[in-house]
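A short write-up of the structure that comes next.
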Amino acid sequence: MRPRIAIIGTGPTGLYTFKQLISSTVPISITLFEAYDEPGKGAPYHPDVNDPAMLSNIPSIELPAFAETLVDWLRRQGDDRLLQLGIRRDAIDDREFYPRVVLGDYMQAQFDLMRRAAAEKGHEVMVLGRHKVVDIELQAEQIRLSVEGPDGRQDAFYDHVVMATGHNWPETTEIRPGYFVSPWPATALKTVRNERVGILGTSLSSIDALMTVATARGMFYADAAGDLQYQPAEGTEEFHATMMSRKGVLPEADFYCPLPYETPKVCTNEAIDALIATGRHDLLDDVFELFRREIVTADPDYAARIGLSQLTVETFAAAYYADRIKSDPFVWAARNLAEVEENRVKQYTVPWRYAILITHEIVARVIPHLNEEDLKRFHKYFKSIFIDDYATVPLTSIRRLLALSRAGKLEILKLGDDYRIETDESGAERGARVIVGDVEHRFGSFIDATGQETLSATDLPFPTLVAQGGVKESATPRTGALHTLEDGPDMVRTGGIDVDEHYRPKIDGPLSNRLYCAAIAFLLHKEPFVQGITSACEIGETVAQAILADVAPNTGEAPLFQIPA
């Protein structure tokens, strides 16, 4: 009997898992469950969830290919199809950012190619759209899934199950009149009126929310000089948006750099692994010293300018953000955009920015080994600078923000630490009031666009799995512990889901260990930089390799795809 494998979710993680699985030389049976009606797109790229103005956060050059690269797929589309996608043929470039819905179409097309390749290799593949897995039960040898579909609820049994469920968005977005707990689905924002709109956050998710609202009330256009401008529609005089965050800064524009990443000089995998091998758990200061030396080596002028020799884990972020916080956010954005555009033409990389970028995944190796105190220090003081550096946004996004500012439709509010957000629980008053110190800001619509929070075992939407102890929160050594035993007295559970190196939840008792947690929201506690499609690829490949090692230990190379002419 063929090994039976289930993949819950057909977004990027599910598709990369599928791609690796069908390299098996042993015939296998794969069932893919998708809650939406268009399997292969994934919620972050589905047209029912995203507005066409929402841009992806990854250029083609960084997107791991399925059967072909995004740019190659775009180039073989006809002119009519490109017109539908809103893409000029002469503008197709491997460093360009494309709308999320375009990536959805690309991934669905790649899914079709991979399904054909799977059939040619003798695999059985079943794809079930509009089928939502609502429960999971681990048994001794198999895993039971309870699935709700168009024909009702039924159970199915599998040897291996991959939870590739992606982000967990709320069932209802507008929980009170004018108060939205998420910018997704974008269609929910249609109830926003021509009024003052508050958006919590300044990241790309926040920009997505803003663009959904702004493009419904006006249009962007290039003026005679080629600069992007915003023209409000008639009757939208009352529309005005305020983006807000603690620091009151905008993200920077995506900067030019060599890809794939170059190898750091000091803060290397080997250096981090040597620290881990000591068996200590108070490692964060030692890691920071490696990081500091890397910056000094890469860009001594920058290191001297911010006084890096005197900085610590707790004080580096303040020095990193200092100049940006002091500047008007739109002045800074315009200056940063001009610098990035010039550097792209010259193909010049800012050394200190690149040093931070190429070390973030290396620093992440130590996080599962940090004790409770250092883990808290990392999340509170150090994590944000890495996220700010790699979560740069498309140049188009910055141009749009500047255009909205020039049109008098956008401002940035610095919240600081002394603020609160209040809503009318009765729903009689729309939106929210944001009180900063003694100043109250009133918004008729308010959108929380701060993104996916870290989730833990009890947040899983599979009640039987949680009740039977099939998942538990990840464990962290207590402060002061040197060598620890799993679940010993020197361990404390701090959040997320506890998984092994193959993303299998660590469980006790005679239950199947062939469940794989590839849902990013449940991994962020110990893997805070697990974000986006590149992480989805890495997780999917790791999970699939673990499955194949069990069902097809002598699997061959990945299949060759025949791309239609």
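560 is the number that the numbering used here gives to position 560 of the sequence shown; each next residue is one higher, with no gaps.
Ideal placement from N, C-alpha and C gives every residue a C-beta, glycine not left out.
For this session: Work out the CA separation of residue 264 and residue 24 for me, nearest whole Å.
Result: Numbered from 1 along the sequence shown, position 24 holds the residue referred to as residue 24. Numbered from 1 along the sequence shown, position 264 holds the residue referred to as residue 264. Spanning the two alpha carbons is a distance of roughly 35 Å.
For this session: Check whether the segment 382-397 touches the segment 513-530, taking contact to mean three or more Cβ pairs, one atom from each stretch, closer than 8 Å.
Result: Remark: three or more beta-carbon pairs, one from each stretch, lie closer than 8 Å, so the segment 382-397 and the segment 513-530 are flagged as touching.
Exercise. Buried or exposed: residue 60, going by 16 or more other Cβ atoms within 10 Å of its Cβ?
Worked result: Within the sequence shown, the letter at position 60 stands for residue 60. Looking at its Cβ environment, which holds 16 or more other Cβ atoms inside 10 Å, residue 60 is buried.
For this session: Give every residue of the same chain whose Cβ lies closer than 8 Å to the Cβ of residue 276, excluding the five residues on either side of it in the sequence, and list them in chain order.
Result: Here residue 276 refers to the residue found at position 276 of the sequence shown. Contacts found: 283, 365, 366, 369.
Exercise. Where does residue 20 land, buried or exposed, given buried means 16+ other C-beta within 10 angstroms?
Worked result: Within the sequence shown, the letter at position 20 stands for residue 20. By the C-beta density criterion, residue 20 is buried, having at least 16 other C-beta atoms within 10 angstroms.
Exercise. When burial is assigned at 16 or more other CB atoms within 10 Å of the CB, is residue 301 buried or exposed?
Worked result: Translated into positions along the sequence shown, residue 301 becomes position 301. Flag for residue 301 reads exposed.
Exercise. Rounded to whole angstroms, how far is the Cβ of residue 192 from the Cβ of residue 397, which I believe are closer than 8 Å?
Worked result: Here residue 192 corresponds to residue number 192 of the sequence shown, with the count starting at 1. Here residue 397 corresponds to residue number 397 of the sequence shown, with the count starting at 1. The pair is not a contact, with the Cβ atoms about 20 Å apart (cut-off 8 Å).
Exercise. DSSP on residue 83, reduced to helix/strand/coil?
Worked result: Residue mapping note: residue 83 aligns to position 83 of the sequence shown, counting from 1. Residue 83: helix per DSSP, three-state reduction.
Problem set entry | Three-state secondary structure (DSSP) of residue 12 | Here residue 12 refers to the residue found at position 12 of the sequence shown. In the structure shown, residue 12 adopts helical secondary structure according to DSSP, grouped into three states.
Exercise. Taking DSSP as the reference, what is the three-state secondary structure of residue 158?
Worked result: Locating residue 158 in the sequence shown gives position 158, counting from the first residue. DSSP, reduced to helix, strand and coil, places residue 158 within a strand of the structure shown.
Exercise. What residues in its chain sit with their C-beta under 6 Å from that of residue 2, if we drop five residues either side in the sequence?
Worked result: Residue numbering aside, residue 2 sits at position 2 when the sequence shown is read from its first letter. Around residue 2, the same chain offers 27, 28, 29 as residues with beta carbons nearer than 6 Å, after the five sequence neighbours per side are excluded.
Exercise. Of all the options 126, 205, 183, 161, which has the alpha carbon lying nearest to the alpha carbon of residue 142?
Worked result: Residue 142 sits at position 142 when you count from the first residue of the sequence shown. Nearest option by C-alpha distance: 161.
Exercise. Just how far apart, CA to CA, sit residue 549 and residue 113?
Worked result: Residue mapping note: residue 549 aligns to position 549 of the sequence shown, counting from 1. Residue mapping note: residue 113 aligns to position 113 of the sequence shown, counting from 1. Spanning the alpha carbons of residue 549 and residue 113 requires a straight line of approximately 25 Å.
Problem set entry | Boundaries of the alpha helix (DSSP H) in which residue 244 is found, first to last residue | Here residue 244 corresponds to residue number 244 of the sequence shown, with the count starting at 1. For residue 244, there is no enclosing alpha helix (DSSP H); the enclosing beta strand (DSSP E) has its first and last residue at 240-245.
Exercise. Do the segment 420-437 and the segment 123-132 make contact, defined as three or more Cβ pairs closer than 8 Å?
Worked result: As far as the Cβ criterion goes, the segment 420-437 does not touch the segment 123-132, which means the pair count is below three.
Exercise. Does DSSP classify residue 410 as helix, strand or coil?
Worked result: Position 410 of the sequence shown, counting from 1, holds the residue named residue 410. It is a strand residue.
Exercise. How do the segment 87-101 and the segment 225-241 stand: do at least 3 beta-carbon pairs fall below 8 Å, yes or no?
Worked result: Under the 8 Å Cβ criterion, the segment 87-101 does not count as touching the segment 225-241, having fewer than three qualifying pairs.
Problem set entry | Simplified DSSP state of residue 190, which is helix, strand or coil | For the purposes of this step, residue 190 is taken as residue 190 along the sequence shown, with counting starting at 1. The answer is helix: DSSP assigns residue 190 an H, G or I state.
For this session: Express the C-alpha separation of residue 115 and residue 158 in angstroms, rounding to a whole number.
Result: Here residue 158 is taken as the residue at index 158 of the sequence shown, counted from 1. Here residue 115 is taken as the residue at index 115 of the sequence shown, counted from 1. Cα to Cα, the separation comes out at about 20 Å.
Exercise. Cβ of residue 212 within 9 Å of Cβ of residue 53?
Worked result: Indexing the sequence shown from 1 puts residue 212 at position 212. Indexing the sequence shown from 1 puts residue 53 at position 53. The answer is yes: Cβ separation under 9 Å.
Exercise. For residue 432, is the classification buried or exposed, using 16 other Cβ atoms within 10 angstroms of its Cβ as the cut-off for buried?
Worked result: Taking the first residue of the sequence shown as 1, we reach residue 432 at position 432. Looking at its Cβ environment, which holds 16 or more other Cβ atoms inside 10 Å, residue 432 is buried.
Exercise. Can you tell which of 359, 259, 238 has its C-alpha closest to the C-alpha of residue 290?
Worked result: Within the sequence shown, residue 290 is the residue found at index 290, counting from 1. Nearest to residue 290 by C-alpha distance, out of 359, 259, 238, is 359.
Problem set entry | As assigned by DSSP and simplified to three states, the class of residue 550 | Numbered from 1 along the sequence shown, position 550 holds the residue referred to as residue 550. Residue state, collapsed to three classes: helix.
Exercise. To which residues does DSSP link residue 31 through a beta bridge?
Worked result: In the sequence shown, the residue the question calls residue 31 occupies position 31. Paired residue(s): 6, 126.
Problem set entry | Whole-angstrom distance between residue 207 and residue 340, CA atom to CA atom | Locating residue 340 in the sequence shown gives position 340, where the first residue counts as 1. Locating residue 207 in the sequence shown gives position 207, where the first residue counts as 1. Each residue's alpha carbon lies about 19 Å from the other.
Exercise. What is the DSSP secondary structure of residue 170, counted as helix, strand or coil?
Worked result: On the sequence shown, position 170 is the one that residue 170 refers to. For residue 170, the secondary structure class from DSSP, reduced to helix, strand or coil, is coil.
Exercise. Unbroken alpha helix (DSSP H) runs of length 4 or more, entirely within the segment 483-540: which are they?
Worked result: None, since the segment 483-540 contains no complete alpha helix (DSSP H) of that length.
Exercise. According to DSSP, is residue 212 helix, strand or coil?
Worked result: Here residue 212 is taken as the residue at index 212 of the sequence shown, counted from 1. Three-state DSSP puts residue 212 in a helix.
For this session: Can you say whether residue 476 is buried or exposed, counting buried as having 16 or more other CB atoms within 10 angstroms of its CB?
Result: For the purposes of this step, residue 476 is taken as the residue at position 476 of the sequence shown. Flag for residue 476 reads buried.
Exercise. Between which two residues does the beta strand (DSSP E) harbouring residue 249 extend?
Worked result: Along the sequence shown, read from residue 1 onward, the residue named residue 249 stands at position 249. Judged by DSSP secondary structure, residue 249 falls outside any beta strand (DSSP E); it is assigned neither H nor E.
For this session: May I have a chain-ordered list of the beta strand (DSSP E) segments no shorter than 3 residues that lie completely inside the segment 303-328?
Result: Runs found: none.
For this session: Alpha carbon to alpha carbon, how far is residue 272 from residue 485? Give it in angstroms, no decimals.
Result: By 1-based counting over the sequence shown, the position of residue 485 is 485. By 1-based counting over the sequence shown, the position of residue 272 is 272. Note that residue 485 scores a pLDDT of 48, beneath 50, so its modelled location is shaky and nothing firm can be said.
For this session: Compute the Euclidean distance between the alpha carbons of residue 110 and residue 407, then round it to the nearest angstrom.
Result: On the sequence shown, residue 110 is found 110 positions in, with the first residue counted as 1. On the sequence shown, residue 407 is found 407 positions in, with the first residue counted as 1. Approximately 41 Å, taken between the alpha carbons.
Exercise. Just to confirm, are residue 490 and residue 504 a CB contact at a threshold of 9 Å?
Worked result: As a first step, residue 490 is located in the sequence shown; it is residue number 490 there, counting from the start. As a first step, residue 504 is located in the sequence shown; it is residue number 504 there, counting from the start. With contacts defined by Cβ atoms closer than 9 Å, residue 490 and residue 504 do not form a contacting pair.
Exercise. Can the beta-carbon of residue 294 be found closer than 9 Å to that of residue 257?
Worked result: Working through the sequence shown from its first residue, we reach residue 294 at position 294. Working through the sequence shown from its first residue, we reach residue 257 at position 257. Contact annotation: residue 294 and residue 257 have beta-carbon atoms that are not nearer than 9 Å.
Problem set entry | Cβ separation of residue 121 and residue 22, assumed to be a contact under 8 Å, to the nearest whole Å | In the sequence shown, residue 121 corresponds to position 121, counting from 1. In the sequence shown, residue 22 corresponds to position 22, counting from 1. Sure, about 6 Å apart at Cβ, within 8 Å.
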